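Enquirer:
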């Protein structure tokens, strides 16, 4: 072994830094910063099983031609088929009245977890999302949407 | 150049100075120029690159459409991968390919069964991307197609909204 050979040496880090700087610039320029979330819905599909279990209590929301909301609670002896109508205001859906109705339903039937929405053809997507958002806020996680 | 003036200002490496085998440090040569320790800079750059790679992945690429204004929801969840169905100007796009509404069910079934065969995690999940002003009659073909093709999980793409805003 040569006596003049260097035992200690340093790695030249400048090219590494250059590459990393180029990588960071590229990633910053191509990054998508808009966050997108999702509102999840579980749809019931397929045939009904042979074992017939009693349906859990559910809140059904329908829309009539006049844009009114019809709320009814099914499959519970406490408020079976009781229907509440929420009239439309000039701004659209009366969300305050809707919230009050849902709170009243959940307080009367605490085991209520399922919501089934029957939208009309004219129902706006943003209202559907707002409705589902409000349901989830009030502790009703199982939401289904019925097709037309 | 044995007694060069420059030699007195030569850069002494801090690693060489601290070496135990053959230290370069001399009593007569004091380092006048110090080196920058670049290791920490490389570490910071590496962390930045990894962070950007993880957080700016291509998962939301098919959802990105400047013409669509997604609705807002405060109870939104983290968007997971799935078959992306976009509704734009009354046209339906399945994974960025235009599909007529009449054959949407067939196209969705074909795409879903291909994912099931591959064991892909996106199978059985559909992500609906639509403008907030779309009417339900335009959403209906997608929901009907999902029901026909055994897709149980439907995810509506929304912008997350802070609670209380």
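Protein chains in written order, with our numbering: chain H, 730 to 877; chain E, 1204 to 1368. Using N, Cα and C, we set each Cβ at its ideal position, and we do this for glycine too. Just so you know, these numbers come straight off a predicted model, no measurement behind them.
1. Where does residue 1303 of chain E fall in DSSP's three states?
2. What does residue 853 of chain H touch in chain E if you count any residue whose Cβ is under 8 Å from its own?
3. Within 10 angstroms of the Cβ of residue 1278 of chain E, are there 16 or more other Cβ atoms? Answer buried if so, exposed if not.
4. Using Cβ-Cβ distances below 8 Å, what residues of the stretch 734 to 755 of chain H are close to chain E?
5. Does the stretch 1318 to 1336 of chain E come close enough to the stretch 1347 to 1367 of chain E to have 3 or more Cβ pairs within less than 8 Å?
6. Tell me, please, whether the stretch 1318 to 1325 of chain E touches the stretch 1273 to 1291 of chain E by the rule of three or more beta-carbon pairs shorter than 8 Å.
7. So if DSSP puts residue 1350 of chain E in a beta bridge, which residue, or which two residues, is it bridged to?
8. Within 8 Å of any Cβ in chain E, is that where the Cβ of residue 770 of chain H sits?
9. Among H:789, H:802 and H:761, which residue has its Cα nearest to the Cα of residue 875 of chain H?
10. So residue 1358 of chain E contacts chain H; which residues on that side make the cut at Cβ distance below 8 Å?
11. Which class does residue 847 of chain H belong to by DSSP, given the choice of helix, strand or coil?
12. Near residue 1270 of chain E, which residues of its chain fall below 7 Å by C-beta distance, leaving aside the five closest residues on each side in sequence?
13. When you compare the CB positions of residue 811 of chain H and residue 802 of chain H, do they come within less than 8 Å of one another, or not?
14. Should residue 746 of chain H and residue 1255 of chain E be called a contact, given that it needs their Cβ atoms to be closer than 8 Å?
15. Residue 1245 of chain E touches chain H at which residues, Cβ-Cβ below 8 Å?
16. With 9 Å as the C-beta to C-beta threshold (strictly closer), list the residues of the stretch 1296 to 1314 of chain E near chain H in chain order.
17. Quick check on the DSSP output: the beta strand (DSSP E) that includes residue 1253 of chain E runs from which residue to which?
18. With a cut-off of 8 Å, does the C-beta of residue 764 of chain H fall near any C-beta of chain E?
19. With a threshold of 16 other CB atoms inside 10 Å of the CB of residue 1247 of chain E, please say whether the residue is buried or exposed.
20. Put residue 678 of chain H into one of helix, strand or coil per three-state DSSP.
21. Starting from the beta carbon of residue 849 of chain H, find every residue of chain E whose beta carbon is closer than 8 Å, and list them in chain order.
22. To which residues of the same chain is residue 1349 of chain E closer than 6 Å at the C-beta, ignoring the five residues directly before and after it?
23. Since residue 1343 of chain E meets chain C, which of its residues come closer than 8 Å, beta carbon to beta carbon?
24. Please compile the residues from chain H whose C-beta is within a distance smaller than 8 Å of the C-beta of residue 1183 of chain E.
25. Please report the Cβ distance between residue 817 of chain H and residue 1274 of chain E, rounded to the nearest whole angstrom; I am assuming they are in contact, meaning their Cβ atoms lie under 8 Å.
26. What would DSSP say about residue 745 of chain H, mapped onto helix, strand or coil?
27. Put residue 764 of chain H into one of helix, strand or coil per three-state DSSP.
28. Grouping DSSP H, G and I as helix and E and B as strand, with all else coil, what is residue 852 of chain H?
29. Counting contacts by CB-CB distance shorter than 8 Å, is residue 1318 of chain E in contact with chain H?
30. Taking Cβ-Cβ distances below 7 Å as the criterion, which residues of the stretch 807 to 841 of chain H are in contact with chain E?
31. DSSP three-state call for residue 755 of chain H: helix, strand or coil?
32. By the DSSP assignment, the beta strand (DSSP E) with residue 1372 of chain E in it spans what residues?
33. What did DSSP end up calling residue 835 of chain H once you bin it into helix, strand or coil?
34. Under 8 Å by Cβ, that's how I've got residue 844 of chain H and residue 787 of chain H pegged, so tell me the actual separation to the nearest angstrom.
Expert: According to the data block:
1. As a first step, residue 1303 of chain E is located in the second chain; it is residue number 100 there, counting from the start. Here residue 1303 of chain E sits in coil by DSSP.
2. Numbered from 1 along the first chain, position 124 holds the residue referred to as residue 853 of chain H. In chain order: 1335, 1336, 1337, 1338 and 1339.
3. Stepping through the second chain from its first residue, residue 1278 of chain E is reached at position 75. Classification of residue 1278 of chain E: buried, given that the 10 Å Cβ count is 16 or more.
4. Near chain E, meaning a CB-to-CB distance below 8 Å, the residues of the stretch 734 to 755 of chain H are 736, 737, 739, 742, 743, 745, 746, 749, 750, 752 and 753.
5. yes
6. yes
7. Within the second chain, residue 1350 of chain E is the residue found at index 147, counting from 1. As DSSP reads the structure, residue 1350 of chain E sits in no beta bridge.
8. The residue given as residue 770 of chain H occupies position 41 in the first chain. Judged by the 8 Å Cβ criterion, residue 770 of chain H is in contact with chain E.
9. What you label residue 875 of chain H is simply residue 146 of the first chain in a count that begins at 1. Here the closest residue by C-alpha is H:789.
10. The sequence position of residue 1358 of chain E within the second chain is 155, counting from 1. Contact note: residue 1358 of chain E reaches chain H through 767, 768, 769 and 770, using a C-beta cutoff of 8 Å and chain order.
11. The residue given as residue 847 of chain H occupies position 118 in the first chain. When secondary structure is reduced to three states using DSSP, residue 847 of chain H falls in the strand class.
12. The residue you call residue 1270 of chain E lines up with position 67 of the second chain. So the list reads 1291, once near-sequence residues are dropped.
13. Against the first chain, residue 811 of chain H aligns to sequence position 82. Against the first chain, residue 802 of chain H aligns to sequence position 73. Yes. Within cutoff.
14. Here residue 746 of chain H refers to the residue found at position 17 of the first chain. Here residue 1255 of chain E refers to the residue found at position 52 of the second chain. The beta carbons of residue 746 of chain H and residue 1255 of chain E sit no closer together than 8 Å.
15. Here residue 1245 of chain E refers to the residue found at position 42 of the second chain. Residue 1245 of chain E reaches chain H at 742, 745, 746 and 749, counting residues in chain order whose Cβ is nearer than 8 Å.
16. none
17. As a working mapping, residue 1253 of chain E is identified with position 50 in the second chain. Here residue 1253 of chain E belongs to no beta strand (DSSP E); instead the alpha helix (DSSP H) covers 1242 to 1258.
18. Taking the first residue of the first chain as 1, we reach residue 764 of chain H at position 35. So yes, residue 764 of chain H belongs to the interface.
19. As a working note, residue 1247 of chain E is residue 44 in the second chain. So residue 1247 of chain E ends up on the exposed side.
20. Nothing about residue 678 of chain H can be reported from this structure: the residues present for chain H run from 730 to 877 only.
21. The residue you call residue 849 of chain H lines up with position 120 of the first chain. Simply 1339.
22. Position 146 of the second chain, counted from the start, is the residue given in the question as residue 1349 of chain E. Excluding residues within five positions, the ones whose Cβ falls inside 6 Å are 1329 and 1357.
23. In the structure shown, chain C does not exist; the protein chains are H and E.
24. In this structure chain E extends from 1204 to 1368, so residue 1183 of chain E is not present and cannot be described.
25. Sequence index remark: in the first chain, residue 817 of chain H carries index 88 (1-based). Sequence index remark: in the second chain, residue 1274 of chain E carries index 71 (1-based). At roughly 20 Å, the Cβ-Cβ gap does not stay under 8 Å, so residue 817 of chain H and residue 1274 of chain E are not in contact.
26. On the first chain, residue 745 of chain H is found 16 positions in, with the first residue counted as 1. Helix.
27. Numbered from 1 along the first chain, position 35 holds the residue referred to as residue 764 of chain H. Coil, per DSSP.
28. As a first step, residue 852 of chain H must be located in the first chain, where it is residue number 123. In this structure, residue 852 of chain H counts as coil in the three-state DSSP scheme.
29. As a first step, residue 1318 of chain E must be located in the second chain, where it is residue number 115. Not one chain H Cβ lies under 8 Å of residue 1318 of chain E.
30. none
31. Position 26 of the first chain, counted from the start, is the residue given in the question as residue 755 of chain H. Of the three classes helix, strand and coil, the one that applies to residue 755 of chain H here is helix, per DSSP.
32. Residue 1372 of chain E is absent from the structure shown; chain E starts at 1204 and stops at 1368.
33. Position 106 of the first chain, counted from the first residue, corresponds to residue 835 of chain H. Taken through DSSP and simplified to helix, strand or coil, residue 835 of chain H comes out as helix.
34. Sequence index remark: in the first chain, residue 844 of chain H carries index 115 (1-based). Sequence index remark: in the first chain, residue 787 of chain H carries index 58 (1-based). About 7 Å; that satisfies the 8 Å criterion.
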